[in-house]
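These notes are about the structure you will find just below.
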Amino acid sequence: MKLLLTSAGVNNKSIHEALVDMLDKPIAESTALCIPTAMYGHPWVGPGEKAWEFITGNSGNPMVDLGWKSVGILELTALPSIDEERWVPLVREADVLLVGGGDALYLYHWMKESGLADLLPELNAVYVGMSAGSMVMGPNIGGFFVGWTPLNGEDKTLGLVDFSMFPHLDHEMLPGNTMAAAEKWAAGMQGPAYAIDDQTAIKVIDGAVEVVTEAHWKLL
């Protein structure tokens with residue numbers, strides 16, 4: 001699976017071009033599944049209006065509204081109550097998974113509970129994450145980002161890449177997301193860690209990592 005791990009969606013020309021390069025056909029011929037689950041675990045973004053905005057492509061974070069041939073919704077919290085033959089083929093057939101932001105540990109929990117986590121390494125799709133949807137791919141998120149807490153109290157995530165991410169660097173609405181805070185966070189992490197702003201994404205193909213940016217980032 002190819003990964004495009006963004007902080008705020010496909011919101012500039014460089015990230016858009018990276019996505020197009022990762023697809024084996026035009027966006028207009030590609031089918032997408034949108035996964036809003038992370039939003040429900042975060043008090044700022046869901047449930048409610050913001051979840052609807054993401055699903056309908058009205059969030060201001062371009063992902064769902066890029067001109068896909070079709071867009072479906074994959075709600076992970078519902079999947080444990082549905083037979084796998086009803087949803088697994090949809091995932092296998094999708095060209096792109098669009099995974100929204102919110103709470104990374106809540107998303108990880110439901111990726112595991114639903115069975116999607118086991119399926120991800122087998123897919124040929126492009127995985128496009130935003131914020132928590134990107135962070136969940138790393139080995140853990142660090143205490144700075146812990147909100148919703150699993151019963152075991154751990155900050156572990158999928159570990160499908162060997163680096164962690166600090167998104168929304170220097171965001172005007174997140175005054176705590178400074179480079180100094182990112183460096184302090186990184187000091188407590190194991191392995192590589194990237195601090196990226198909202199104009200930056202990390203592209204991963206066959207283990208090769210490339211930073212796609214029009215602004216600021218740092219490998220910590």
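Okay, so the sequence shown: first residue is 1 according to my numbering, each after it adds one. C-beta: ideal position from N, C-alpha, C; glycine also. Just so you know, these numbers come straight off a predicted model, no measurement behind them.
For D118, the number of other beta carbons within 10 angstroms of its own is below 16, and it is reported as exposed. The region 120–132 makes contact with the region 94–110: 3 or more CB pairs, one atom from each, lie closer than 8 Å. Assignment of I82 by DSSP, reduced to helix, strand and coil, places it in the coil class.
Secondary structure of E113 (DSSP, three-state): helix. Along the length of the region 158–212, whole alpha helix (DSSP H) runs at least 4 residues long occupy 179–187, reported in chain order. DSSP places M135 inside the alpha helix (DSSP H), whose first and last residues are 132–135. Proximity to E53 across G101, W110, L116 peaks at G101, based on C-alpha coordinates. In the DSSP secondary-structure assignment, G129 is bridged to L5, V99.
Note on geometry: alpha-carbon atoms of E75 and V209 lie some 29 Å from one another. Fully enclosed alpha helix (DSSP H) runs of no fewer than 4 residues occupy 37–40, 49–56 of the region 31–62, in order along the chain. Classified as exposed, I82 has fewer than 16 neighbouring CB atoms from the shown chains inside 10 Å of its CB. In the three-state reduction of the DSSP assignment, K218 falls in the strand class, which pools E and B. Separation of L3 and K203 (C-alpha to C-alpha, rounded to the nearest whole angstrom) is 6 Å.
Counting the other CB atoms within 10 Å of its CB gives T157 a total of 16 or more, which places it among the buried residues. Boundaries of the alpha helix (DSSP H) around I15: 13–22.
Under the DSSP assignment, V71 falls in the beta strand (DSSP E) whose first and last residues are 70–73. By the CB criterion at 9 Å, L116 and L79 fall inside the cutoff.
Comparing C-alpha distances from S30 to each of A8, S70, A38, L5 shows the shortest one belongs to S70. Between M1 and P121, the beta carbon gap of about 7 Å places them in contact (Cβ cut-off 8 Å). Around G41, the same chain offers G102, D103, Y106, W148 as residues with beta carbons nearer than 6 Å, after the five sequence neighbours per side are excluded. In terms of Cβ geometry, G46 and P36 form a close pair [threshold 9 Å].
Cβ-Cβ distances below 6 Å link L33 to G72, L74, A94, L97 in the same chain, with the five nearest sequence neighbours on each side left out; the list follows chain order.
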